[in-house]
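Presented below is the structure to which this report refers.
In the working numbering, the protein residues as written are 17 to 104.
As structure tokens, then:
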């Protein structure tokens, strides 16, 4: 549960927002979600420190922050299928 954030890493504005949200206590979750119509698919969602989904920051910003090395994976208990979290 660490963030390896180096200011010399080039990030887009939205990726920087994701890192700032994670530094303030939020997280990025990648998990299997069930849709209203019954189908399932994997979703990446950015959560703030209160546990609310942050609108406007999706998978592209989260993947860019993860790929740059700014966010590191945090192990979570296996309470649901295929959950991954990235956080501080």
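C-beta: ideal position from N, C-alpha, C; glycine also. Predicted model only: the values in this text are computed from it and were never measured.
Length of the line joining the Cα atoms of residue 48 and residue 56
As a working mapping, residue 48 is identified with position 32 in the chain shown. As a working mapping, residue 56 is identified with position 40 in the chain shown. Distance between the alpha carbons of residue 48 and residue 56 is about 7 Å.
Report the rounded CA-to-CA distance for residue 89 versus residue 31, giving the unit in angstroms.
Indexing the chain shown from 1 puts residue 89 at position 73. Indexing the chain shown from 1 puts residue 31 at position 15. Straight-line Cα distance between these residues: approximately 16 Å.
Neighbourhood of residue 25 by C-beta distance below 8 Å, restricted to the same chain and skipping five residues each side
Translated into positions along the chain shown, residue 25 becomes position 9. Excluding residues within five positions, the ones whose Cβ falls inside 8 Å are 84, 85, 86.
Using the three-state DSSP reduction, which class does residue 49 fall into: helix, strand or coil?
The count along the chain shown starts at 1 and reaches residue 49 at position 33. The answer is strand: DSSP assigns residue 49 an E or B state.
Does DSSP put residue 26 in a helix, a strand or coil?
Stepping through the chain shown from its first residue, residue 26 is reached at position 10. If DSSP states are grouped into helix, strand and coil, residue 26 belongs with coil.
For residue 56, the first and last residue of its enclosing beta strand (DSSP E):
The residue you call residue 56 lines up with position 40 of the chain shown. If you look at residue 56, you'll find it in the beta strand (DSSP E) that goes 56-63.
For residue 62, count neighbouring Cβ atoms within 10 angstroms of its own Cβ and tell me buried if that reaches 16, exposed if not.
Your numbering for residue 62 matches position 46 in the chain shown. Buried: at least 16 other Cβ atoms inside 10 Å.
Simplified DSSP assignment, three categories, for residue 70:
Your numbering for residue 70 matches position 54 in the chain shown. Here residue 70 sits in coil by DSSP.
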